[in-house]
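**Student:** For the protein sequence lines, the chains are D and W, in the order given. Throughout the first sequence, residue numbering follows my numbering, covering 1 to 300 in sequence. Throughout the second sequence, residue numbering follows my numbering, covering 1 to 170 in sequence.
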Amino acid sequence: MKPAPFVHHAPRSVEEAAATLAQVGHDGKVLAGGQSLIPILNMRLASPAHLVDINQVAGLAEVTLTPEAVRVGALVRHARLEHHPEAYAALPLLRQALTHVAHPVIRNRGTTVGSIAHADAAGEMPAVLALTGGVVEAVSTAGTRDIDATDFFLGALETSLAEDELVVAVRFPRFATGTGTAFLERARRHGDYAMAGVAAAVQVVDGAVRDARLSFVSVTDVPRVVDVTDQVRGHEADGLDWRAVAPTVRDQIEPEGDIHATAEYRAMLAIELARLALDEATAKSVAAQYDSAAERGIAR
Amino acid sequence: MSEPTTEELLDITLTVNGVRRQAQAPARRLLSDFLRHDLQLTGTHVGCEHGVCGACTVLVDGAPMRSCLMFAVTAQAHAITTVEGLGTIEAMGPVQQAFTECHGLQCGFCTPGFLTTITAYLEENPEPTEHEAREAISGNLCRCTGYQNIVKSVLRAAEIRRERAAGTRP
Numbered sequence: 001m002k003p004a005p006f007v008h009h010a011p012r013s014v015e016e017a018a019a020t021l022a023q024v025g026h027d028g029k030v031l032a033g034g035q036s037l038i039p040i041l042n043m044r045l046a047s048p049a050h051l052v053d054i055n056q057v058a059g060l061a062e063v064t065l066t067p068e069a070v071r072v073g074a075l076v077r078h079a080r081l082e083h084h085p086e087a088y089a090a091l092p093l094l095r096q097a098l099t100h101v102a103h104p105v106i107r108n109r110g111t112t113v114g115s116i117a118h119a120d121a122a123g124e125m126p127a128v129l130a131l132t133g134g135v136v137e138a139v140s141t142a143g144t145r146d147i148d149a150t151d152f153f154l155g156a157l158e159t160s161l162a163e164d165e166l167v168v169a170v171r172f173p174r175f176a177t178g179t180g181t182a183f184l185e186r187a188r189r190h191g192d193y194a195m196a197g198v199a200a201a202v203q204v205v206d207g208a209v210r211d212a213r214l215s216f217v218s219v220t221d222v223p224r225v226v227d228v229t230d231q232v233r234g235h236e237a238d239g240l241d242w243r244a245v246a247p248t249v250r251d252q253i254e255p256e257g258d259i260h261a262t263a264e265y266r267a268m269l270a271i272e273l274a275r276l277a278l279d280e281a282t283a284k285s286v287a288a289q290y291d292s293a294a295e296r297g298i299a300r
Numbered sequence: 001m002s003e004p005t006t007e008e009l010l011d012i013t014l015t016v017n018g019v020r021r022q023a024q025a026p027a028r029r030l031l032s033d034f035l036r037h038d039l040q041l042t043g044t045h046v047g048c049e050h051g052v053c054g055a056c057t058v059l060v061d062g063a064p065m066r067s068c069l070m071f072a073v074t075a076q077a078h079a080i081t082t083v084e085g086l087g088t089i090e091a092m093g094p095v096q097q098a099f100t101e102c103h104g105l106q107c108g109f110c111t112p113g114f115l116t117t118i119t120a121y122l123e124e125n126p127e128p129t130e131h132e133a134r135e136a137i138s139g140n141l142c143r144c145t146g147y148q149n150i151v152k153s154v155l156r157a158a159e160i161r162r163e164r165a166a167g168t169r170p
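1. Using a C-beta cutoff of 8 Å, does P104/D count as contacting chain W?
2. What distance in whole Å lies between the Cβ atoms of L157/D and H118/D, which are believed to be in contact at a cut-off of 8 Å?
3. For P247/D, does the count of other Cβ atoms within 10 angstroms reach 16, so buried, or fall short, so exposed?
4. Cutting at 7 Å between CB atoms, please list the residues of its own chain near F152/D, excluding the five before and the five after it.
5. Could you give the residue range of the alpha helix (DSSP H) that holds H78/D?
6. Starting from I150/W, follow its DSSP beta bridges and name the residues at the other end.
7. Give the straight-line distance between the Cα atoms of H100/D and E62/D, rounded to the nearest whole angstrom.
8. Among the residues of its own chain, which have a CB less than 6 Å from the CB of D206/D, if the five just before and after it don't count?
9. Which ranges would you report for the beta strand (DSSP E) in the segment 59-110 of chain D if only whole runs of at least 3 residues count?
10. Quick one, which of H84/D, Y88/D, A90/D, G73/D has its alpha-carbon nearest S115/D's?
11. Using the DSSP secondary-structure output, state which residues sit across from G28/D in a beta bridge.
12. Count Cβ pairs between the segment 156-165 of chain W and the segment 93-104 of chain W that sit closer than 8 Å; are there 3 or more?
13. Going by beta carbon distance, what residues of the same chain come within less than 6 Å of L69/W, once the five residues before and after it are set aside?
14. Residues of chain W with a CB under 8 Å from the CB of Q203/D: which are they?
15. Give me, in chain order, the residues of the same chain whose beta-carbon lies closer than 7 Å to that of A91/W; leave out the 5 immediate sequence neighbours on both sides.
16. Tell me, please, which residues DSSP counts as bridged to P26/W.
17. Is the separation between the beta-carbon of V113/D and that of V70/D shorter than 8 Å?
18. Q96/D CB to nearest chain W CB: under 8 Å?
19. So what's H8/D in DSSP terms, helix, strand or just coil?
20. In three-state terms, what does DSSP make of R174/D?
21. Listing by chain order, which chain D residues have their CB less than 9 Å from the CB of A63/W?
22. Determine the direct distance from the alpha carbon of T177/D to that of E86/D, and round the result to whole angstroms.
23. F172/D: which of T262/D, L75/D, G133/D, R44/D sits nearest, CA to CA?
24. Return helix, strand or coil for A138/D, following the three-state DSSP convention.
25. Are any of the Cβ atoms in chain D nearer than 8 Å to that of E90/W?
26. Taking C-alpha atoms, which residue in A208/D, A90/D, V249/D, L214/D lies nearest to R174/D?
27. Buried or exposed: where does P126/W fall if 16 or more other Cβ atoms within 10 Å of its Cβ makes it buried?
28. For E49/W, would you say it is in contact with chain D, using Cβ-to-Cβ distances shorter than 8 Å as the test?
29. If the cut-off is 8 Å on Cβ atoms, which residues from the segment 176-203 of chain D count as contacting chain W, listed in chain order?
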């Protein structure tokens, strides 16, 4: 269980990294945290001739907050983002999801951007990027481009990234004010790959649902958003039975069976997790409005 | 670029358990193997080699990481603490002492990974509940099924740290 030989490249800048990627072409892989890549190399499921190790590249380890989004650089470890107070305040879904990413020791090394670039349908952060309508920032010698999450994920472990492109950051847009979010997942053992997981975002305005969306882990072929708003728009949030959206959800997921769960069990689990997550997100949206109303009351 | 024909050896310099160490190794050398084979520090154990079992966990700049999921070359210039750096038989670290008191060690293969993981965890959370202690070790596998005593060891280690800090023990 040792990797095949490769040439190690240690660029110091984004420009140098892009130039190296352009040189090595399809024989190259980018190494950031390596928590998904190195197991694949150790098991010789892949044996790239060149690794472009970006750990020395300056300027990629920043979490930046803008009024619109949380921008996460390619060298930000999961643990750092998980424990980032401003990122949590801006987008609680990040921490809600990150606590499910493998084990804490893996999160100390693995990067959020790497997990997204790896595009594993069993990964939590691709689902979060999809639900937020996020953007992947890619750099090559030809320049910089933004790729929407909807255009980024093509299939299992497959993205629209060109072989000479480096992901330097992702942007997770903030949700509309008062949106509640939840992330739920079931695994045989906490920290293992999920049998199913779901991220939910619900916006309640004046007691009525305005927007409700989901994205899944391990139950859709690529991370994408399942929008259930049409089913519930305008319904009173209080006492809403989210079981009503089960048929819509069932139509849009195509789980596969494996040693841990059959496809049908996975579908049932996903639907039930969706109901629970929508409930939790709704309650949070309602509570957020109550809190902000209370704050305004105090201000008066 | 063409396939590499001969493996280039890289100079790798890092600090291990407070001592500056240097050795040559190919780029593909895993940190776990580098510690064991190149630096002769065989306390770090190698189990699954894909990040699942946790036996190879070491501290990198104080944070626990899987040494089988790092290349030695990426540890260049960083500070590593292995199980050898946690204490000696004469002066055991709190977690080591707790493991001996609570029988947290059975066959001992997984122990180095538990000791490093728990040592770092108690820095972050010096007073864990039993549930938190269980969660803290959930990324490490013990195939002797010795978790009961390992959980006890985590809680006991937290006590020992407090006792030592209070100066109630020599």
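For each residue, glycine too, the CB sits at the ideal point set by N, CA and C.
**Tutor:** So, to answer that:
1. yes
2. 7 Å
3. exposed
4. Contacts found: V136, T159, S160.
5. 78-82
6. Answer by DSSP bridge pairing: none, since I150/W is not bridged.
7. 22 Å
8. Take D206/D, set aside five residues on each side of it, and no residue of its chain has a beta-carbon closer than 6 Å to its own.
9. 63-65, 69-73
10. G73/D
11. H50/D
12. Yes, they touch.
13. G51
14. For a Cβ distance threshold of 8 Å, nothing in chain W lies close to Q203/D: the least Cβ distance comes to about 32 Å.
15. none
16. L9/W
17. no
18. no
19. strand
20. coil
21. R77, A79, V105, N108, R109
22. 16 Å
23. G133/D
24. strand
25. no
26. Checking every option, the nearest Cα to that of R174/D belongs to A90/D.
27. exposed
28. yes
29. R189, H190, G191
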